[in-house]
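Working notes, beginning with the structure itself.
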Amino acid sequence: MRRWGIRKKVLVVTLVPTLLTTLMLGLFFTYSWVNNIESLLRDRGESLSRQLAAGAEYGLFTGNRSLLSSLSNAFLEEQDVRSITFYDSDGRRLLHTGPGSSERLAAEHLPASGATRVVDLESTRFVTPVQLQNLMIESMLDLGIRQSTSELSKPLGWVSVEMSHVRTDKETYKAMLISLLLVLGGVIVSLAIALRLSRAFTDPIFELNAAVAKLKEGKLDTRVYTGAGPEFEQLESGLNAMAEELSRAQAEMQQNIDQATEDLRETLETIEIQNIELDFARKEALEASRIKSEFLANMSHEIRTPLNGIIGFTELLLKSPLPRPQRDHLNTIRKSSEILLTIINDILDFSKIEAGKLILDRVPFHLRDTIEEVMVMLAPAAHAKNLDLVPLVYHDVPDNIMGDPLRVKQIITNLVNNAIKFTQTGEVVLRASLEEEDKERNRVTLRISITDSGVGLSRAQQQSLFNAFSQADASTARQYGGTGLGLAISKRLVEEMGGKIGLESELGKGSTFWFTLNSDLAASGDTVSPKDALQGERVLYLEHQKTTGLAVEHMLRDWGMTVDRVASPGAMQEQIEEAQKNQAGYAVAVIGITRHLLNSSQYINLVRTLEIERDCRTLLLTPTLETHDNGLTHLASGHLTKPVCRDALYEELLLLVHGIHTREPVMAEFPAVPPPPRPTPQAPRVLAVDDNEANLKLVLTLLRDFQIEAEGAASGFEALSKARQQPFDLVFMDLQMPGMDGVETTARIRELDDNHHRTPIIALTAHALSEEQHQLTQQGFDGYMAKPISSRQLAALIRDFTGYDCGVTGETVATPDIRDTRRATLRPSSRKLQQECVSIEESIQLAAGKADLAEELFSMLLEQLITDRDKLSRLWAAGNTEALIDCVHKLHGATRYCGVPELRTAANRLETGLKRTEPDLEGLLEQLLAAIDRLLAWSEQMDWQQLFREHRGEAETAS
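Number 724 in the UniProt record's numbering belongs to position 724 of the sequence shown; there are no gaps in the numbering.
Here it is in structure tokens:
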């Protein structure tokens, strides 16, 4: 009703009450009239039926039809009487007068006393019983007529008077018609009054609206006079006064506009002069920015070139045998050079952003791999401060997304490194979650947050933290270093990607830095095998770091594994023992420890007990170790460093649980699209071109360390001359050189290529603002490598373009893992309770209580096992059953003199099976070989000679 007009509201207010009142009165009138008509008909019919019953008493008693006929004819003359019927005492019709059917009334319509009505559609019949009067009964008795009491109470008959509904129906219709006419008359009168009132209200309002519309159009001479009453007169006078005031204001405004126009004309002339001056200033600023960018680019080349030599030759020196102090000095030089290189990179990145030359790639990449690479790279710095570094990527986060992986990695590295730097104790946790998903556009918004338990930030520090060259602690005695560009660069990169960045922090309670990534989902081109090989396996997990435990448990449960947590080594040992007693042991025991527990005797005994006595494979999760020469890591079947990567954990568990090797060789980072490697029977011929003597010497030294025939050229002319003399398998080309630069030299060398030979050329540059890699590809280059050069990148490029394996997997030459042989023969964990591998007490008892004899017998058994194991495998493969039975029999006999219950039982079962030709002989042989392996492993891990001597000393003391 709020949007209704005044006319509609007046009509509603006037008509609704009148219409409701008229309808109620008409209904009440009609209802009363119809009820009165029906009551009159009913009363008249009952009265006539009683009169007729009294008059027909004698006629029914005597059966005088003529008397009854005269009575009925007299009553038919009454108004609304349609017919009269007489019934005898048995209910049979005795006489009927008037129209109507001759049907017989039902018994329920013939009452013994009182009257009843039978209503039909067109008429109503009033049925009344006829009774004998008392006086008549007495006279009848005097005449000697005797009747019983029951006969006296029975009616003589019944009288039915049928009353017609014709007149009553007419009266009913008449009443309804009169009521309808009254209602319509009332509505019409009310409508006329409402229309008149609404016009009296709305017509003046319409006039006022028209006047306002004219004023709105600018006709300020408009005046309005409605003459509709005192209320409207006040409105008229106000509107007319407003029109006069507007006319006066318009005149003044026009005068002011003329004056302002004149002033504006003068101002525009001044602004035009200033714009010319600003244009000159802008050109000067752009020229200064260009000069600054070129200066930084040139300084990049000039600074990074000597850094390349410093870092490269430092790495070469570190590979040579040096005294410990000199090695420490070289490590200090290398770390300082890397810090200087990081500072230079930050400054150049910031300069690139300021110059508007930042170009973001848009390629598909795996978010989880990117996060794990950053966490693994920064793990040593965190673990050196005893911090728990944990990545938590929720399962609903998509892995294949579009974007610039290098820039995303740079942002995460800056934020995580910043968190590690300002955290002394506790943890640094990275969380990646799905914030929003648009399935129609195939687009997602991801939120990545880094939470630390460090010193926190005040509100004043938070406000200026993302500004360039700003630091939380800028005092001269500050504890934390840095250029103050990391967060500023991260902020600009996030904004360039269309996301947001922020932080939540409280002084003394840590900080949470977060940023969002708006990215399209990448089409999964290569099929990824589902990680379902571990589904249903049971794992027992012991972890001291709560957040790391949550992350690892989350990954294990995602693969369908059942994870049980324990809080102490004793609880883990008891639970594994109990599970094996129930014939439902665990597939693997995962033990996560901190740095100070690496040499704990409690954990060393736990791992030894699980591996040797319980035959349960253990996976050790440790912080980054400075050296792998640790007794605990060699005792366990598997070892991973924290933070735990998904693929590495899955492959390690697959090896420990099922003995499956799935690791693939690590692929090189460069180039983006390498050509298919061609097999080379010998080392390739490589040409290195660089105008800097130190850089050229470094590249040649690294190549010769790889046993590669390499030549050097100090200029483009020299390189072109050597390329014309003989073809090379690979060329490393510096971009900036005097005279003929790297691009021109590459174009000249490309002219020498033919259909049989195309020389791969890799660009080497320290120029931070150089063209992107795809632009280098258009200029004829096959790849790109930035200075300073590392041996790993160099070896990867050589392998990708020539097929020659330099034997480098990291920054140093790869060395074989001393555990590979043992890991290649790993057996799954025993799920059932095993017999004791070695019993020293039983060995001494079998040697007649002589510990020295028991030690000698056990030593002889170990020497025999080394040869018997290979012999058993060869005989089984050859199918020589007789020789196999003989070998097993001898081994079984040897076990009878030593306390080796498990080996004795396995040898007995295989010997019995071979003699009886049982079907599962291969399984029995595997059990025997597993028992031999377990006994040999026990002998390697345990100082069994000392155990025998301790028992010998106890026996001597007791005697």
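We treat Cβ as the ideally placed atom computed from N, Cα and C, and that holds for glycine.
In chain order, what residues of the same chain lie with their CB nearer than 6 Å to the CB of residue i, ignoring the 5 residues before and after it?
| i | result |
| --- | --- |
| residue 204 | 226, 228 and 232 |
| residue 846 | 897 |
| residue 436 | 445 |
Determine the direct distance from the alpha carbon of residue j to that of residue i, and round the result to whole angstroms.
| i | j | result |
| --- | --- | --- |
| residue 284 | residue 745 | 35 Å |
| residue 869 | residue 902 | 15 Å |
| residue 215 | residue 222 | 7 Å |
| residue 665 | residue 487 | Legend: pLDDT at residue 665 = 38, less than 50; position of this residue unreliable, value from coordinates given subsequently. C-alpha separation (whole angstroms): 35 Å. |
| residue 61 | residue 156 | 6 Å |
| residue 194 | residue 39 | 41 Å |
| residue 619 | residue 656 | 8 Å |
| residue 778 | residue 764 | 16 Å |
| residue 162 | residue 94 | 16 Å |
| residue 44 | residue 80 | 9 Å |
| residue 801 | residue 684 | 10 Å |
| residue 17 | residue 9 | 13 Å |
| residue 160 | residue 24 | 40 Å |
| residue 53 | residue 173 | 33 Å |
| residue 905 | residue 932 | 12 Å |
| residue 860 | residue 394 | 56 Å |
| residue 117 | residue 105 | 12 Å |
| residue 960 | residue 659 | This structure cannot settle anything about residue 960, because the visible part of the chain is limited to 1 through 959. |
Taking 8 Å as the cut-off, decide whether the C-beta atoms of residue i and residue j are in contact.
| i | j | result |
| --- | --- | --- |
| residue 75 | residue 48 | yes |
| residue 702 | residue 712 | no |
| residue 576 | residue 586 | yes |
| residue 452 | residue 425 | no |
| residue 761 | residue 733 | yes |
| residue 569 | residue 603 | yes |
| residue 168 | residue 27 | no |
| residue 29 | residue 179 | yes |
| residue 921 | residue 907 | no |
| residue 372 | residue 391 | yes |
| residue 838 | residue 899 | yes |
| residue 539 | residue 588 | yes |
| residue 622 | residue 653 | no |
| residue 579 | residue 400 | no |
| residue 448 | residue 420 | no |
| residue 309 | residue 694 | yes |
| residue 635 | residue 611 | yes |
| residue 966 | residue 858 | Summary: the structure shown does not reach residue 966, with the chain confined to residues 1 through 959, and so no result is reported for it. |
Let me know if residue i comes out buried or exposed under the rule of 16 or more other beta-carbons within 10 Å of its beta-carbon.
| i | result |
| --- | --- |
| residue 224 | buried |
| residue 344 | buried |
| residue 12 | exposed |
| residue 643 | buried |
| residue 977 | Summary: the structure shown does not reach residue 977, with the chain confined to residues 1 through 959, and so no result is reported for it. |
| residue 363 | exposed |
| residue 427 | buried |
| residue 676 | Caution applies to residue 676, whose pLDDT of 43 falls short of 50 and renders its modelled position unreliable; the model cannot decide the point. |
| residue 729 | buried |
| residue 783 | buried |
| residue 218 | exposed |
| residue 536 | exposed |
| residue 404 | buried |
| residue 877 | exposed |
Tell me the DSSP bridge mates of residue i?
| i | result |
| --- | --- |
| residue 443 | 438 and 520 |
| residue 129 | 158 |
| residue 963 | This structure cannot settle anything about residue 963, because the visible part of the chain is limited to 1 through 959. |
| residue 639 | 620 |
| residue 432 | 393 and 448 |
| residue 541 | 565 and 590 |
What residues in its chain sit with their C-beta under 7 Å from that of residue i, if we drop five residues either side in the sequence?
| i | result |
| --- | --- |
| residue 89 | 154, 155, 156 and 157 |
| residue 83 | 96, 97, 98, 99, 100 and 162 |
| residue 409 | 370, 373 and 374 |
For the ligand SAH, I want to know if residue i counts as a neighbour, meaning its beta carbon is within less than 7 Å of at least one of the ligand's heavy atoms.
| i | result |
| --- | --- |
| residue 247 | Only the bare structure without any ligand can be found here, which leaves the ligand SAH out of the picture. |
Only counting the same chain, and skipping five residues up and downstream in sequence, which positions put a Cβ closer than 8 Å to that of residue i?
| i | result |
| --- | --- |
| residue 885 | 911, 914 and 915 |
| residue 331 | 318 |
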